[in-house]
Amino acid sequence: MAQDDSAGRSFDLPEAFLDYLTSTPYSAEEYHALLQSPEERYVRIRDPTLSLATIAQRLQVDVTELVEVSWTKRFAQRHPTLRVFRIPETAAVRQSDLYDSGDVFGVDASSIACVGALDPEPCDHVLEICCAPGTKLCCLADLCTVTGVDINRQRLTVARSQVKRCKLSNSVKGLWLADGRSWAGDGQELMSEGLTPRDRKQTRKRPKVEAFAPDVFDGVLVDAECAHDGSLKHIRKFFDERGKTSKLQSLEEHMPWLSEAKRTELAQLQFELLCRGFQLLKEGGKLIYCTCSFSEAQNEEVIRRFLAQEPRAQMDPLPWEMPENPVERSTPEPEPEMNGTLTARVRKLLRSPEVPCRPAFDLPPGTACRFDPQRSATGALFIARLRKEHGGEGVGEGW
Numbered sequence: 006m007a008q009d010d011s012a013g014r015s016f017d018l019p020e021a022f023l024d025y026l027t028s029t030p031y032s033a034e035e036y037h038a039l040l041q042s043p044e045e046r047y048v049r050i051r052d053p054t055l056s057l058a059t060i061a062q063r064l065q066v067d068v069t070e071l072v073e074v075s076w077t078k079r080f081a082q083r084h085p086t087l088r089v090f091r092i093p094e095t096a097a098v099r100q101s102d103l104y105d106s107g108d109v110f111g112v113d114a115s116s117i118a119c120v121g122a123l124d125p126e127p128c129d130h131v132l133e134i135c136c137a138p139g140t141k142l143c144c145l146a147d148l149c150t151v152t153g154v155d156i157n158r159q160r161l162t163v164a165r166s167q168v169k170r171c172k173l174s175n176s177v178k179g180l181w182l183a184d185g186r187s188w189a190g191d192g193q194e195l196m197s198e199g200l201t202p203r204d205r206k207q208t209r210k211r212p213k214v215e216a217f218a219p220d221v222f223d224g225v226l227v228d229a230e231c232a233h234d235g236s237l238k239h240i241r242k243f244f245d246e247r248g249k250t251s252k253l254q255s256l257e258e259h260m261p262w263l264s265e266a267k268r269t270e271l272a273q274l275q276f277e278l279l280c281r282g283f284q285l286l287k288e289g290g291k292l293i294y295c296t297c298s299f300s301e302a303q304n305e306e307v308i309r310r311f312l313a314q315e316p317r318a319q320m321d322p323l324p325w326e327m328p329e330n331p332v333e334r335s336t337p338e339p340e341p342e343m344n345g346t347l348t349a350r351v352r353k354l355l356r357s358p359e360v361p362c363r364p365a366f367d368l369p370p371g372t373a374c375r376f377d378p379q380r381s382a383t384g385a386l387f388i389a390r391l392r393k394e395h396g397g398e399g400v401g402e403g404w
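Numbering (this note's numbering), first residue to last: 6 to 404.
See below:
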């Protein structure tokens, strides 16, 4: 990727943030090194007929710097709209006619793994809790029918705009402004607001949304509210060119969960979102729980607590293999540029068919994983897959 202003830059992390880092697997030094590392940029190309050369020409980039992510091809083989490409920072995505037509969509490559883990059938009806701003929602809407719920009106409005840009109104049954912890088909439905006459006609064709009782959705994605500490590009926005937190108040507003007391509240919120998602899942259905946090308390601990209290919950293998042992972390070293804006390490990751994640901590092997900037050349993402058993006992307190 093109060198951004974070490479080699020092970041003066505030005390509240340093205290928060004690709840993650990273030391302050390791996290600082991650912040200094350049990031890769990815897009999803929804039109499976477009060639590499055509995509490069329409995004105005050198074809040698446009690389299809090999490990995502396993998902695109089953769902052709999930093709993912690494692009340089110079790519003119929003100025492209592909953007106007809805055929290009900015996405982190790890999000495609999340959608691929749920792996819905075309006839499925999937619920996404905390669906805004709509990246995963639109991926799902290309594959099946989907309903989204989010408590943030501004972000949900963005999701609606994305759905309309991608012409997915027929696939999105509703976008509900509501609390995902208690949603049952109530709240304000935003998908029908501000539609053109043509959109309204399409909306009338969608089945009427009624109150949702338990056991109604074929699949559920709980994209839980989290501390966002793994979304490094957003964290960097709150630092000036000297690495000072000139926007400390904005940082604290963006990350209201920094204090220990707030972290406890957050874990409870995540647990309740997971509980409600599981209640709305059909027997035999799959649920994906994910966050963009590094914190074990927001990821593995939430899952372990849930398993201990829900006998019908069973951890389910992810549809790809992972190494048995986690790769040891080390401080990222500066890397020489290769072939324009691609380093040798990133090019190797992009060309490998193996999904570049590591196993989650202390959960059944193969059922949960972690993506991180160092190992995966993506943003941080925790993914766990559960299945709702047909009665009987789940793994319960075994984990």
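Glycine included, every Cβ here is placed at the ideal spot set by N, Cα and C.
At the C-beta level, THR29 and PHE299 come within 8 Å of one another. It is roughly 16 Å from the alpha-carbon of SER176 to the alpha-carbon of ALA137. ALA96 is a Cβ neighbour of LEU64, given a cutoff of 8 Å. Counting along the chain, HIS84 sits inside no alpha helix (DSSP H), nor does DSSP assign it H or E at all. Looking only at LEU292, LEU71, GLN275 and GLU326, the smallest Cα-Cα distance to ARG310 is reached by GLN275. Annotated as proximal: ALA114 and THR77, with beta-carbon spacing under 8 Å.
Ranked by how close their Cα comes to the Cα of GLN82, the residues ALA373, SER101, PRO53 and GLN100 have PRO53 in first place.
If the five residues before and after HIS233 are omitted, its C-beta is found closer than 8 Å to the C-beta atoms of HIS239, ILE240, HIS259, MET260, CYS297 and SER298, all from its own chain and listed in chain order.
With contacts defined as CB atoms closer than 8 Å, GLY139 and GLN167 qualify as a contacting pair.
For the pair ARG375 and ARG363, the CB atoms are nearer than the 8 Å cut-off. Here the region 366-386 lies against the region 306-326, with 3 or more beta-carbon pairs under 8 Å apart.
For the pair GLU126 and ILE388, the Cα-to-Cα distance works out to about 20 Å. Shown here for ILE92: same chain residues with a beta carbon closer than 8 Å to its own, the five before and five after excluded, namely ARG46, TYR47, VAL48, LEU64, VAL66, GLU70, LEU71 and VAL98 in chain order. For TYR31, no beta strand (DSSP E) segment is defined, and its DSSP state is neither H nor E. Judged by their CB atoms, LEU180 and GLY153 are nearer to each other than the 8 Å cut-off. Rounded to the nearest angstrom, the Cβ distance from LEU226 to ILE156 is 16 Å, too far for a contact under 8 Å.
With contacts defined as CB atoms closer than 8 Å, PRO361 and SER42 fail to qualify as a contacting pair. Following the DSSP letters along the chain, one finds LYS238 inside the alpha helix (DSSP H) bounded by residues 237-241. Non-local beta-carbon contacts of GLN193 in its own chain, meaning distances under 6 Å to residues more than five positions away in sequence, involve LEU182 in chain order.
Taking the C-beta atoms as reference points, VAL221 is found no nearer than 8 Å to LEU278. Excluding the 5 residues flanking it on each side, ASP147 has same chain C-beta neighbours closer than 6 Å at THR86, in chain order. LEU263 is positioned such that its CB atom lies closer than 8 Å to that of ALA21.
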